[in-house]
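Colleague: I have a structure here, written as structure tokens, and I will follow up with some questions on it.
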Amino acid sequence: MENTKSAMVGPLERKVRKRPRPIATIKTKLCQTLSCSVPKAKSIVTGFFPVVLWLPKYKLKEYIWGDIMSGLIVGIILIPQAIAYCLLAGLDPIYGLYTSFFANIIYFFMGTSRHVSVGIFSLMSLMVGQVVDREVYLAGFDLSEDSKTRTSDGPLNITGHSNSSAINFTINGFGVECGKECYAISIATALTLLAGVYQVLMAVFRMGFVSVYLSAPMLDGFATGASCTILTVQAKYLLGLKIPRHQGLGTVVVTWINIFKNIHNTNYCDLITSAICIFVLVMGKEIQDKYKDRLKIPLPTELVVVAVATIVSHFADLNGQYGSSISGSIPTGFIPPKVPSFGLMPRVALDAIPLAVISFAFTVSLSEMFAKKNGYTVRPNQEMIAIGFCNIIPSFFHCFTTSAALAKTMVKDSTGCQTQVSSVISALVVLLVLLFFAPFFYALQKCVLACIIIVSLRGALRKFRDVPKQWHLSKIDAIVWLVSMSSAALISVEIGLLIGVVFSMLCVVAQTQKPKVSLLGQVENTSHYDDMEEYNHLLPVPKVKIFRFQAPLYYANKDFFLKSLYKAVNLEPFLEIARRKKLEKKAKEKKSKQMDETEQANGDDGIGFISTKLDFHTIILDCSSIPFVDTAGMNTLKGLVKDYNGVGVTVLLACCNTSVIDSLRRGSFFGKADIDMHSLVFHTVHSAVCFATDTIATVGNTPV
């Protein structure tokens, strides 16, 4: 048997330290921050540009081949995706190439991950496209395909004048003179600059904790719901339908209704091309998945499809003969840089928040995942700064919001990538297209690009097959996934993100409001105790009830705690007190009627029967799963001890952590000078059981 005294928790003694004066502390920190020295300057430079640290140590013979191969392969994949995802963003294809080029170069200098591929991402493109289409629509431009005209006077008071090639508009108050395409990229760059600024500010103020609230089931459900929206938005291109993107809530439902209403206008050339391209792309993916161990490099299926489709479209003149929509002219070279329009930023300030959060969440999670896989570490705060500047700087060069992309990162990892030199190689591949090969994509059909986007969603859409398994593992996680997916798909992507975050947090709160509770029994001939409902061989401790509550005890679940305890021990002190008072009253009535003394002593309603009816004398609260106790929880425990003492039952606490003990001490739970602490709190459940069976049992059912 354990020594009872050694098992009890003694008073905690803490050193009292003198607190420095606030003014002196602030002055000292300012002096340290503003001081300048060579080591500090070097630390700042290497912290802001990690490339300075690792590039001089680059092992040329060991790393260069893997970096070149992965860079070339990712660059080849980037070209068709950069052009295709511009359909989602509502922008011209050239801007996707710009975005892929600048993002890779900037992350090379500022990123801490060796494997993450930063660039154009389908989800970011969709969210940018929704903002762009909304603002273009509000400006009065026609959203129908191939339209460059403005149909009505919108709220921005845009006046126009035309020339032989295009219709230009002056947007009063913004100093912008351009048409629909120019206004669209102006919106996108303003949105991107704000998203980048938000991300840098989040890094400066150490707000990376925000990503904690983006749980894995919520993010998976959100990504799947967004994928349903992406598929819906691209479906019209498969059929060659020229219908504008729906503005507002319910994009998926309304778009499919519009598609079926206009199904008779299907362009059969686009339909046949789409069927062929989807078949080839899916077969290429299936072959890649089946023989990925034998194939040293991924099959460039997208590039082959784009090349063949462009050649066929050009020589067969599918646009002229059958009216098939094509990408159009893609200029070579770079457009002169331009400061994003500050006048447009108030219109998109709120839209940039979810973009910033999702972008940094995907980037940080991917960088940490692949760092762990490959045995190195990353700095999450620097990752936030890096992705922030991957949005800020490119916004001056006509780019839109970027993020780390899972598919391309996996390709880099599987093709031998060692460092971010591979990102420079990928950027050079994109640069070649920008400088020389961009015009060759003129005849590329939009339906081919839509096929590339839709087939790339296979991974996200396959998550539907995992729902039954997820439901079996955790019903809460499955419900969070379903709610996030449904809200993102059926309402809108932004609102879906908000609903997913709020609902997942509510689920956590709900779990703490009604947590698992159990009565514990003893493993025979040991000092271990566990849930008697889970294990049949456990033995109950005679005259002792051991109760475990697996959640923090706070204001939201204190009532559930009391009800669960009353039900588990089958004794509610208020009812017991009321029962005893009733019996006492009856006894007095019988006494007043001069009942026989023998009858009073042996009768079933006598007062002496009350103390012997209880089948236990001690309740032990296993607090090992209670991380903290607030004021309401503390008062609940104080009232609980008092109420059960009133009916002759002692309440003991076991396995309390220091924060719980500190809270109870501050609330005078142990009385003045903690005099009752040694007889109320124990290190282990077994020491509390020994105290109850050896000490309390010897004095009877009276409070100790």
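Residue numbers (UniProt numbering): 1 to 704. Glycine included, each C-beta is placed from N, C-alpha and C at the ideal position. Computed from a prediction, not measured in an experiment: that's the story for all the values here.
1. Let me know the secondary structure DSSP gives residue 489 once reduced to three states.
2. Nearest by alpha-carbon distance to residue 180: which of 139, 212, 196 and 207 is it?
3. How big is the Cα-Cα spacing for residue 547 and residue 568?
4. For residue 529, does the three-state DSSP call read helix, strand or coil?
5. Return the first residue and the last residue of the beta strand (DSSP E) that residue 432 is part of.
6. For residue 79, report the span of its alpha helix (DSSP H) as first-last.
7. Name the DSSP bridge partner or partners of residue 716?
8. I'd like to know whether the C-beta atoms of residue 387 and residue 403 end up nearer to each other than 9 angstroms.
9. Residue 472: buried (16+ other C-beta within 10 angstroms of its C-beta) or exposed?
10. Taking C-alpha atoms, which residue in 395, 83 and 105 lies nearest to residue 307?
11. Need the endpoints of the beta strand (DSSP E) that residue 522 sits in, please.
12. So, helix, strand or coil for residue 385, using DSSP?
13. Do you know how far the Cα of residue 101 is from the Cα of residue 49?
14. When the distance is taken between beta carbons, is residue 495 closer than 9 angstroms to residue 487?
15. Contact between the stretch 524-532 and the stretch 233-249: three or more CB pairs below 8 angstroms?
16. Take the Cβ of residue 85 as the centre, count every other Cβ of all protein chains shown within 10 Å, and call the residue buried at 16 or more, exposed below.
17. Under 8 angstroms Cβ to Cβ from residue 103, same chain only, skipping five residues before and after it: list those, please.
18. Are the CB atoms of residue 229 and residue 493 within a distance shorter than 9 angstroms?
19. DSSP on residue 539, reduced to helix/strand/coil?
20. Residue 92 and residue 185 - do their beta-carbons sit closer together than 9 angstroms?
21. Let me know if residue 349 comes out buried or exposed under the rule of 16 or more other beta-carbons within 10 Å of its beta-carbon.
22. Do residue 305 and residue 448 count as a contact pair if the criterion is CB distance below 9 angstroms?
23. Hey, residue 425 and residue 68: beta-carbon distance below 9 angstroms or not?
24. Quick check on DSSP: helix, strand or coil for residue 221?
25. In angstroms with no decimal places, state the Cα-to-Cα distance between residue 624 and residue 385.
26. Buried or exposed: which applies to residue 657, given that a residue is buried once 16 or more other Cβ atoms fall within 10 Å of its Cβ?
27. Quick check: what's the CA-CA separation for residue 359 versus residue 124?
28. Which residue from 219, 369 and 651 puts its Cα closest to that of residue 501?
29. Do you know how far the Cα of residue 268 is from the Cα of residue 322?
30. Rounded to whole angstroms, what is the Cα-Cα separation between residue 633 and residue 643?
31. Excluding five sequence neighbours on each side, which residues of the same chain lie with their C-beta closer than 7 angstroms to the C-beta of residue 45?
32. Report yes or no: do the stretch 538-552 and the stretch 508-523 share at least 3 C-beta pairs separated by less than 8 angstroms?
33. Please report the distance separating the alpha-carbon of residue 150 from that of residue 246.
34. Identify the continuous alpha helix (DSSP H) that holds residue 572 and give its terminal residues.
35. How far does the alpha helix (DSSP H) with residue 286 in it reach, from first residue to last?
36. Nearest by alpha-carbon distance to residue 237: which of 539, 552, 452 and 206 is it?
Modeller: Looking at the atomic coordinates:
1. helix
2. 139
3. 8 angstroms
4. Strand at residue 529.
5. No beta strand (DSSP E) contains residue 432, which is instead part of the alpha helix (DSSP H) from 421-432.
6. For residue 79, the enclosing alpha helix (DSSP H) covers residues 60-89.
7. The structure shown does not extend to residue 716, since the chain spans only 1 to 704, so no value can be given for it.
8. yes
9. exposed
10. 83
11. 517-522
12. helix
13. One C-alpha to the other measures close to 19 angstroms.
14. yes
15. No, the stretch 524-532 is not in contact with the stretch 233-249.
16. buried
17. Closer than 8 angstroms at the Cβ level, and outside the excluded window around residue 103, lie 118, 119, 120, 390, 394, 399 and 402.
18. yes
19. strand
20. yes
21. exposed
22. yes
23. yes
24. helix
25. In this model, residue 624 and residue 385 are separated by some 40 angstroms (Cα to Cα).
26. exposed
27. 7 angstroms
28. Checked all of 219, 369 and 651; the closest Cα to residue 501 is 219.
29. 8 angstroms
30. When rounded, the distance between both Cα atoms is 15 angstroms.
31. Correct list, in chain order: 52.
32. yes
33. A caution first: residue 150 carries a pLDDT of 48, below 50, which makes its placement in the model unreliable, though a value can still be read off. If you take the alpha carbons of residue 150 and residue 246, they lie about 17 angstroms apart.
34. It is not in any alpha helix (DSSP H) - residue 572 carries neither H nor E in the DSSP assignment.
35. Under the DSSP assignment, residue 286 falls in the alpha helix (DSSP H) whose first and last residues are 268-290.
36. 452
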